[in-house]
Amino acid sequence: MKIETPTWMNQGAGQPPDLLFSFRAEAGITGFDSMREAEDYVVADEIGTLYRLDPLLNVKLLTRLQEPARQLSWSDTGEFGSALLGNSTLVRLDAKLKVIWTIEIPFTCSGIAIDPYGIFTFVASSEGGAIVIDDLGKKAATFETMRPLSYIHFMVEEPVVIAAASHGLMGAYALSGKKIWEKTLWSNVGDLALIQKTARICVAASNQGIQVYDGSGDSEASLILEGTVNKISVSYTGKQAFASTIEKHVYRLDEDGELKWAATSDVAVTRVDSHPIEPVGLFVFEDRTILRAQWY
4 MKIETPTWMN
14 QGAGQPPDLL
24 FSFRAEAGIT
34 GFDSMREAED
44 YVVADEIGTL
54 YRLDPLLNVK
64 LLTRLQEPAR
74 QLSWSDTGEF
84 GSALLGNSTL
94 VRLDAKLKVI
104 WTIEIPFTCS
114 GIAIDPYGIF
124 TFVASSEGGA
134 IVIDDLGKKA
144 ATFETMRPLS
154 YIHFMVEEPV
164 VIAAASHGLM
174 GAYALSGKKI
184 WEKTLWSNVG
194 DLALIQKTAR
204 ICVAASNQGI
214 QVYDGSGDSE
224 ASLILEGTVN
234 KISVSYTGKQ
244 AFASTIEKHV
254 YRLDEDGELK
264 WAATSDVAVT
274 RVDSHPIEPV
284 GLFVFEDRTI
294 LRAQWY
């Protein structure tokens, strides 16, 4: 639904959004992910509702799961997704939100991520380590890690996962089960995003702002923002980035880290999402609202 720009968006620095659309879930939002090629979004709420939204946040499909999804991860193609119910129930879903299979993972899960084509799901353990589950629900690989991984993303161009723990560890892992590299992080981590074109890694590093690393995990740049940065998302080329802080600040940045827009929300932001190409960003709020912001 198209809406007028909220007052708080116009009270910051830079150019506020030119066009806004909104969606409001039936209950608090527990999961969200975007489909970069299909351009749709998937949302889960506290009463077990699962929504597929079109690019303007209209509801295309809706279903009820047996219990609320604690985490969601969807393929870029939009054809398949994975949902984590409770601590250890993994569900595979199709494009129509129909359940294909449900399996029990033999540990408490700290994070999940499905690959861009919807074949493999990386499942991290809260005790450290991870497994890869294939499209038939079978274990395809096992990993050992020094710490539990919480923030997990697949590379688009190669079968590699980049992941970070909430503190102290970031690594790259091949789907075969091989560790490519691991690095020690000296900050708390609230989120992680990949610049797919250059393989750079952007970390929401709390009071250390946004930390940028190259494809080998070596530090490249640091961007300090006002507040404690807890969420980040970047476009495919890195031309655009969105970030939020615990103090409810939201930022839109360009590829050089220059501020394009900043404001302070009335409600806490739980997720930010950058469109892969267009000047569009999504903000998921604690009050079960999602806003789609577009610039001309």
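Residue numbering for the sequence shown follows our numbering, starting at 4 and increasing by one per position. The beta-carbon is built from N, C-alpha and C at its ideal position, and this holds for glycine as well.
Quiz item: What runs of the alpha helix (DSSP H), each 4 residues or longer, lie entirely inside the region 64–152?
Solution: Counting whole runs of 4 or more residues, the region 64–152 contains no alpha helix (DSSP H) stretch at all.
Practice problem: Determine the direct distance from the alpha carbon of residue 188 to that of residue 258, and round the result to whole angstroms. | Solution: Approximately 23 Å, taken between the alpha carbons.
Quiz item: Are residue 75 and residue 51 touching if we call contact CB-CB under 9 Å?
Solution: In this structure, residue 51 does not lie closer than 9 Å to residue 75 by Cβ.
Practice problem: Could you check what DSSP says for residue 13 in three-state terms: helix, strand or coil? | Solution: helix
Self-check item: Runs of beta strand (DSSP E) lying entirely within the region 232–260, each at least 3 residues, in chain order
Solution: 232–237, 243–248, 252–257
Quiz item: Going by Cα to Cα distance, which pick from 200, 292, 18 is closest to residue 280?
Solution: Considering only alpha carbons, the answer is 200.
Self-check item: Residue from 254, 117, 191 with nearest C-alpha to residue 266
Solution: For the residues 254, 117, 191, the minimum Cα distance to residue 266 belongs to 254.
Practice problem: Identify, in the order they occur along the chain, each residue of the same chain with its Cβ nearer than 8 Å to the Cβ of residue 60, setting aside the five sequence neighbours on each side. | Solution: 4, 24, 25, 26, 44, 293, 295
Quiz prompt | Nearest candidate by alpha-carbon position, reference residue 3, set 90, 169, 99, 171 | solution = This structure does not reach residue 3, given that the chain is present from 4 up to 299, and the question cannot be answered.
Exercise. For residue 156, collect the residues of the same chain with a Cβ closer than 8 Å to its Cβ; drop the 5 residues on either side in sequence, then sort them by chain order.
Key: Excluding sequence neighbours, residue 156 sits near 116, 164, 165, 166, 195, 196, 197.
Quiz item: So residue 271 and residue 288 are in contact, right, with Cβ under 8 Å, and what is the actual spacing, rounded?
Solution: 7 Å
Quiz prompt | Range covered by the beta strand (DSSP E) that runs through residue 54 | solution = Counting along the chain, the beta strand (DSSP E) containing residue 54 begins and ends at 52–56.
Exercise. Flag this pair as yes or no: are the beta carbons of residue 111 and residue 130 separated by less than 9 Å?
Key: With respect to the 9 Å criterion, residue 111 and residue 130 are classified as neighbours on the basis of their beta carbons.
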